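Take 1 as the starting number for the sequence shown in full-length UniProt numbering and just add one per residue.
Where is the CB? At the ideal position from N, CA and C, for every residue including glycine.
Nothing here was measured: the structure is a model prediction, and the numbers come from that model.
Notes follow once the structure below has been shown.
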Amino acid sequence: MEILAMASDNSVKNEKSTKLITFLGKGGSGKTTSAIFAAQHYAMSGLKTCLVIHSQDPTAEYLLNCKIGTSPITCNDNLSAVRLETTKMLLEPLNKLKQADARLNMTQGVLEGIVGEELGVLPGMDSIFSSLALEQLVGFFENMVQQNRKKEKFDIIIYDGMSTEETIRMIGATSKARLYFNNNEIADEIKKPQ
1 MEILAMASDN SVKNEKSTKL ITFLGKGGSG KTTSAIFAAQ HYAMSGLKTC LVIHSQDPTA
61 EYLLNCKIGT SPITCNDNLS AVRLETTKML LEPLNKLKQA DARLNMTQGV LEGIVGEELG
121 VLPGMDSIFS SLALEQLVGF FENMVQQNRK KEKFDIIIYD GMSTEETIRM IGATSKARLY
181 FNNNEIADEI KKPQ
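Have a look at this one:
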């Protein structure tokens, strides 16, 4: 089992950043149980905690005694849980597009012919969609415009996910991108004639 901890970069003063703690590993290693106990520990400590499960394993529902769906549900004081399902995360934007198209008639019904269930989940999409979902919860890319939007703010996100190097790279991509951009800005400043 691998455990990785990260924090979002919040430039707003006096605002705590959301911490991300991941439990990654193969099935049967106890990662889900460990993630649940960690989430309960942080919630009992008074931190607003969200447990993010990326499997269909019902263990979390049994241990937390609550039905976990695809949007955060409050299980008890300070503890919410959500289940990531790649196929549903793929269908939601398509359904929103279809609704908008029905109102605006931009594609003259072309989108109606697309059946979302026929869309396949390509290799790597699990990692991409889970990273995007974690981004919405943690706010790695958060900027001043997004900070003004009303969204549920958590102190701790516990992620019980699949163990792939790709997942770890996707989660860490934001801090790496920030480092590259900062280094490029410094290099540009050095190159300027004095």
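message: So V138 and T18 are supposed to be a Cβ contact under 8 Å. How far apart are they, rounded?
response: On the sequence shown, residue 138 is found 138 positions in, with the first residue counted as 1. On the sequence shown, residue 18 is found 18 positions in, with the first residue counted as 1. That belief holds up - the Cβ atoms of V138 and T18 are roughly 5 Å apart, short of 8 Å.
Three-state class that DSSP yields for G161 in the structure shown: Start at 1 with the first residue of the sequence shown, and residue 161 comes out as number 161. In this structure, G161 counts as strand in the three-state DSSP scheme.
task: Select from T86, E165 and N95 the residue whose C-alpha is nearest the C-alpha of A133.
output: Looking up residue 133 in the sequence shown gives position 133. The shortest Cα separation from A133 among T86, E165 and N95 belongs to T86.
Contact belief for T22 with D155 at Cβ below 8 Å, rounded distance in angstroms: Position 22 of the sequence shown, counted from the first residue, corresponds to residue 22. Position 155 of the sequence shown, counted from the first residue, corresponds to residue 155. Going by Cβ atoms, the distance from T22 to D155 rounds to 16 Å, so no, they are not a contact pair.
- request: Select from L51, Q56 and M44 the residue whose C-alpha is nearest the C-alpha of G27.
  value: Along the sequence shown, one-based indexing puts residue 27 at 27. Ranking the options by Cα distance to G27, first place goes to Q56.
- request: Could you tell me which of D126, D160 and I171 sits nearest to S29, measuring between CA atoms?
  value: Start at 1 with the first residue of the sequence shown, and residue 29 comes out as number 29. Selected option, being the one with the closest Cα: D160.
- request: State the DSSP-derived secondary structure class of I156, mapped to helix, strand or coil.
  value: What you label residue 156 is simply residue 156 of the sequence shown in a count that begins at 1. Annotated three-state conformation of I156 is strand, per DSSP.
field: Per-residue DSSP class, three states only, for V52
entry: The sequence position of residue 52 within the sequence shown is 52, counting from 1. The answer is strand: DSSP assigns V52 an E or B state.
query: Given H54, which residues of its chain have a CB within under 8 Å of its CB, disregarding the five upstream and five downstream residues?
result: Working through the sequence shown from its first residue, we reach residue 54 at position 54. Only R83, L84, D126, S130, Y159, D160, G161 and M162 meet the Cβ criterion.
task: Give the DSSP-derived three-state secondary structure of T18 in the structure shown.
output: Within the sequence shown, residue 18 is the residue found at index 18, counting from 1. Here DSSP, grouped into helix, strand and coil, assigns T18 to coil.
field: L79, DSSP secondary structure in three states
entry: For the purposes of this step, residue 79 is taken as residue 79 along the sequence shown, with counting starting at 1. Note: L79 maps to strand in three-state DSSP.
- prompt: Assuming A43 contacts D77 under a Cβ cut-off of 8 Å, what Cβ separation, rounded to an integer in Å, is found between them?
  reply: By 1-based counting over the sequence shown, the position of residue 43 is 43. By 1-based counting over the sequence shown, the position of residue 77 is 77. Contact holds; Cβ gap of about 7 Å.
Residue range of the alpha helix (DSSP H) that includes K31: Looking up residue 31 in the sequence shown gives position 31. K31 to M44 is the extent of the alpha helix (DSSP H) around K31.
field: Bridge partner(s) assigned by DSSP for T86
entry: In the sequence shown, the residue the question calls residue 86 occupies position 86. Its beta-bridge partners do not exist; DSSP assigns none.
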